[in-house]
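Peer 1: Position 353, counted from 1, in the first sequence is what the UniProt record's numbering calls 353; the numbers after and before it change by one each time, with no gaps.
Cβ coordinates follow ideal geometry from the N, Cα and C atoms, glycine included.
It should be emphasised that the depicted structure is a prediction, and the values quoted were computed from it without experimental measurement.
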Amino acid sequence: MLWRSPSYLSSAATSLCLRRRSFYLDLISGASTLRHLDQILAHAILSGRHPDLVTTTKLLHRLADLGSPPTHLLRLFSSVPRPDLFLLNVLLRSLPPSSALLFLSSLRRAHPHLRPDSFTYAFAASATASLLSPAPGRALHARVIIDGFATDPFVGSALTDFYLNFSQVSAAEKVFDGVPDPDTVLWNTLISGLVQNCAFLRSLRVFKQMVMTGARFDSTTLAVVLPAAAELQELIVGMTVHCLGMKSGLAFHSHVVTGFISLYSKCGEIPAAKFLFEQIDEPDLIACNAMISGYSSNGLVGSSVDVFRELLAFRGRPNSSTMVGLIPVSSPFEHESLSRSIHSFAIKSGLYLNSPVSTAFTTVYCRLNDMEAARKVFDAMPEKSMASWNAMISGYAQNGLTEMAISLFREMQDLNVRPNQITVTSTLSACAQLGALTLGKWVHQIITQEDLELNVYVLTALIDMYAKCGSIMEARRIFDGMVEKNVVSWNAMILGYGLHGQGLEALKLFKEMLNARIAPTGVTFLSVLYACSHGGLVEEGRAAFWSMTCDHGIKPGPEHYACMVDLLGRAGQLKEALEFIETVPESAGPGVWGALLGACMKHKETSLARLASEKLFELEPENTSYYVLLSNIYSANRNYPEAAMVRQQDAKSRKLPKTPGCTLIEIRDEVHIFTSGDRSHPQSVLIYSMLDKLTGKMVEAGYRAETDVALYDVEEEEKEHMVKVHSEKLAIVFGLISTEPGSEIRIIKNLRVCLDCHAATKFISRITQRLIIVRDATRFHHFKDGACSCGDFW
DNA sequence: GTAGGGTTAG
1 MLWRSPSYLS SAATSLCLRR RSFYLDLISG ASTLRHLDQI LAHAILSGRH
51 PDLVTTTKLL HRLADLGSPP THLLRLFSSV PRPDLFLLNV LLRSLPPSSA
101 LLFLSSLRRA HPHLRPDSFT YAFAASATAS LLSPAPGRAL HARVIIDGFA
151 TDPFVGSALT DFYLNFSQVS AAEKVFDGVP DPDTVLWNTL ISGLVQNCAF
201 LRSLRVFKQM VMTGARFDST TLAVVLPAAA ELQELIVGMT VHCLGMKSGL
251 AFHSHVVTGF ISLYSKCGEI PAAKFLFEQI DEPDLIACNA MISGYSSNGL
301 VGSSVDVFRE LLAFRGRPNS STMVGLIPVS SPFEHESLSR SIHSFAIKSG
351 LYLNSPVSTA FTTVYCRLND MEAARKVFDA MPEKSMASWN AMISGYAQNG
401 LTEMAISLFR EMQDLNVRPN QITVTSTLSA CAQLGALTLG KWVHQIITQE
451 DLELNVYVLT ALIDMYAKCG SIMEARRIFD GMVEKNVVSW NAMILGYGLH
501 GQGLEALKLF KEMLNARIAP TGVTFLSVLY ACSHGGLVEE GRAAFWSMTC
551 DHGIKPGPEH YACMVDLLGR AGQLKEALEF IETVPESAGP GVWGALLGAC
601 MKHKETSLAR LASEKLFELE PENTSYYVLL SNIYSANRNY PEAAMVRQQD
651 AKSRKLPKTP GCTLIEIRDE VHIFTSGDRS HPQSVLIYSM LDKLTGKMVE
701 AGYRAETDVA LYDVEEEEKE HMVKVHSEKL AIVFGLISTE PGSEIRIIKN
751 LRVCLDCHAA TKFISRITQR LIIVRDATRF HHFKDGACSC GDFW
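1. With DSSP as the reference, identify every bridge partner of A787, one or two as the case may be.
2. Between V305 and A272, what straight-line distance do the alpha-carbon atoms span, to the nearest angstrom?
3. Measuring CA to CA, which of S105, S130 and V179 is closest to R143?
4. Could you check which residue in V699, N369 and T363 has the C-alpha nearest to that of F378?
5. Please report the straight-line C-alpha distance between I42 and H36, rounded to a whole angstrom.
6. DSSP puts T675 in a beta bridge; with which residues?
7. Do R775 and residue 837 count as a contact pair if the criterion is CB distance below 8 angstroms?
8. State yes or no: is the C-beta of F674 within less than 8 angstroms of the C-beta of A731?
9. Any idea what DSSP makes of A405, helix, strand or coil?
10. So what does DSSP say about K384, is it helix, strand or coil?
11. What's the gap between the Cα of I280 and the Cα of V257?
12. Thinking M404 and Y396 are a contact (beta carbons under 8 angstroms), I'd like their distance in whole angstroms, please.
13. Within a Cβ cutoff of 8 angstroms, which residues of the same chain sit near G786, ignoring the five residues on either side of it in sequence?
14. Please state the DSSP three-state secondary structure of V179.
15. Take N455 as the anchor and find which of N637, L159 and L232 has the nearest alpha-carbon.
16. Would you mind working out which of C550, R410 and V417 sits nearest residue 805, comparing C-alpha positions?
17. Between the segment 521-538 and the segment 503-513, do three or more beta carbon pairs fall short of 8 angstroms?
18. Name the DSSP beta bridge partners of R746, please?
19. Per DSSP, E670 forms a beta bridge with which residues?
20. Reducing DSSP to helix, strand and coil, say where H36 ends up.
21. Give me the residue from Y466, V169 and M239 with the minimum Cα distance to V206.
22. Do L226 and T260 come within 8 angstroms of each other at the CB atom, strictly closer than that value?
23. Do T71 and L101 come within 8 angstroms of each other at the CB atom, strictly closer than that value?
24. Under the three-state reduction of DSSP, which class applies to I270: helix, strand or coil?
25. Check whether the segment 54-63 and the segment 21-40 are in contact - that is, three or more C-beta pairs closer than 8 angstroms.
26. Assign Q209 to one of two classes, buried (16 or more other C-beta atoms within 10 Å of its C-beta) or exposed (fewer than that).
27. Pull up the distance between the alpha-carbon of H782 and that of S167, whole angstroms please.
28. When you compare each of T120, S98 and A150 to R132 by their alpha carbons, which one comes out closest?
29. To the nearest whole angstrom, what separates the beta carbons of F361 and H343, a pair I think is in contact under 8 angstroms?
30. Going by C-alpha distance, which of P556, T33 and F314 is nearest E586?
31. Would you kindly work out how many angstroms separate the C-alpha atoms of C198 and I422, rounded to a whole number?
32. Quick check on the burial criterion: 16 or more other C-beta atoms within 10 angstroms. Buried or exposed for N188?
33. Do S296 and G325 have their beta-carbon atoms positioned less than 8 angstroms apart in this structure?
34. Are the beta-carbon atoms belonging to L140 and A124 less than 8 angstroms from one another?
35. Excluding the 5 residues flanking A777 on each side, which residues of the same chain have their C-beta closer than 6 angstroms to its C-beta?
36. For G536, which residues in the same chain have their Cβ closer than 8 angstroms to its Cβ, ignoring the five residues on either side in sequence?
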């Protein structure tokens, strides 16, 4: 270096040197502080040399690098009598995004001789990518098109990046398509941005297209496409990329190797990941993190800790990602104490309580069903990431706290935090559990508005939501539109038909699935059995059960046995059901006996009911719902002393209050909830007078209230009321008076619909000529013209 | 102008 101290500048020799441009340039690039630069500039001017365009450009560059405020840069620029395009571009690149764009907008007035080129627009476009609003970027895009730069790969890349930063995937693709000869960087920008927007399928498609068109790919390309393959667990695609990498020699680039380690770990190929990791001479922090998380997520917590120790011993400090990878999210129960101790370590160190670490802990606590701890971690996060919102929402949905999940999603919308596929998938699951069709439709609308990629997860969640919220046709429409279906999608659709009592449709779809060579899983058979059971298809169900073990080698679990007992029991084959239980290899669980008890209920089989109840009391002494069932069976047979005794036992054992039966109906986006005998509704006078009129007409048509008949597992409080004012009847009547004649009525009951309401609804559907869809605790009933879709197999 | 690891889902 020419000089070390500012005092050196005062020497005459330096003055002479400064007259020569190259020395001057060297001095500028060597300056290490703003003060140095000031002194150089002052000296130059004193020595009679005014900086020319080249030196000013250099100076501007250096000033920006050393953190000079934007006002200084602008002042320097305006001191130049006739700035050229190069200087303008350097200025634009050096200014903070908003000042750069502001400056550009005044350019035409201030410097009419300067015609922006592709660099100008590229820098400007990349400035728009980091703003809070997309509006300036869109305006710039318009100018780019007018000025004819939309076909330039440099500009296109910056614009593509801009749109992807604002999650406008389609717009980004449009920009890309407008560039006839995309270069490697432009391809990479699109692929990487798609991955960041969770559009993994699209990114793989673009990569394929890139390779097919013969475009040159580089290590960045491979590094950005690998996470997409890993995320989708597309091992074959990943291995193809590996082959491409080997052939081109790019597979040994450190970023790419890390990508492979992560890919193989995520696909469960730990030996391959381990092999690659051990091939690296000196793995860096990121490679170690990939391996740590790979082991941990595959349940190999010991090996994960080994690599962590190695990292501490030889490669220095771990970072927050190391911690995230180390937490055994995949098996929290097994390593609960380890997770909690990592958490307290993280809190103590303070350094690690950033968003990804907190998100991992949120997840762990959700999995441990410790929702309060999870929420505490979530609330303590100053900056919430997409993943942290998703972790909390899915945690609520999976723990059945559906309202919490939905209200958190609402909060996100209110805060203008844009959801991604995972957010909507979790929220849809909550809507499905709740049976909230209007909410579900709203989420569907948001998916469309946000242009979220419709991947298998999202579409399957939509099928599930529509099916569980009563729109089986809409579910089927989405199912048919799916290009790529997997087992879960088929399962969701089959289960949907089962819920709606369309057993034959379910079986037809199951056959189609087998023809399409999709290997069924235990869940598939559970859905098929369920559909048979709710459609009264006993023989078909039996055949499916045997085919499961014989043809597909799937060992039936307790839930399959329970479903079979339910199937036989509903159809009145109680003896066969009991015989079937005796074939259960291990002792039958509560599910199996519960199913038998439910069947006894329907067929008023007191002695068998007693047997089943005794088994249940033995297996689950704390579960109170069986007492209700048994007592109802006795009262159905008019054996009131026994009924009273059971009820007394029940009262003794009961600790928690019962959930009262209630029915929900949505009218024009508003939710109305009715309980039995409810008079709290503002229109309750009208509702009751309508109900009276309707009951009159029903009686005329032959309806008799079945007050002394056993009510399913309805609760005591509800039973004490006249069945006439059951919550479902109130909700139906409210539906009748609040909607157009002829339109369908949908209600949701939290318990199983009672026999009397079931019969009454049939009459109502005929008298009013309405389709009434009732979702109860176990299935859907479509009442139409005096009949129910369940064919009374409910 | 693009760049590897970590969190979230049916």
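Peer 2: The answer reads as follows:
1. K784
2. 19 angstroms
3. S105
4. T363
5. Ile is not the amino acid found at residue 42; the sequence shown has Ala there. A42 and H36: Cα-Cα distance of roughly 10 angstroms.
6. C662
7. In the structure as shown, the chain starts at 1 and stops at 794, and residue 837 therefore has no counterpart that could be examined.
8. yes
9. helix
10. coil
11. 9 angstroms
12. 4 angstroms
13. K762, F763, S765 and R766
14. coil
15. L232
16. Residue 805 is absent from the model: the chain starts at 1 and stops at 794.
17. yes
18. I773
19. I667
20. helix
21. V169
22. Checking the sequence shown, residue 260 turns out to be Phe, not Thr. In this structure, L226 lies closer than 8 angstroms to F260 by Cβ.
23. no
24. helix
25. yes
26. exposed
27. 41 angstroms
28. According to the sequence provided, residue 132 is Leu. The question's Arg does not apply to it. The candidate whose alpha carbon is nearest that of L132 is S98.
29. 5 angstroms
30. P556
31. 9 angstroms
32. buried
33. yes
34. yes
35. L751 and R752
36. G503, R570, A571, G791 and F793
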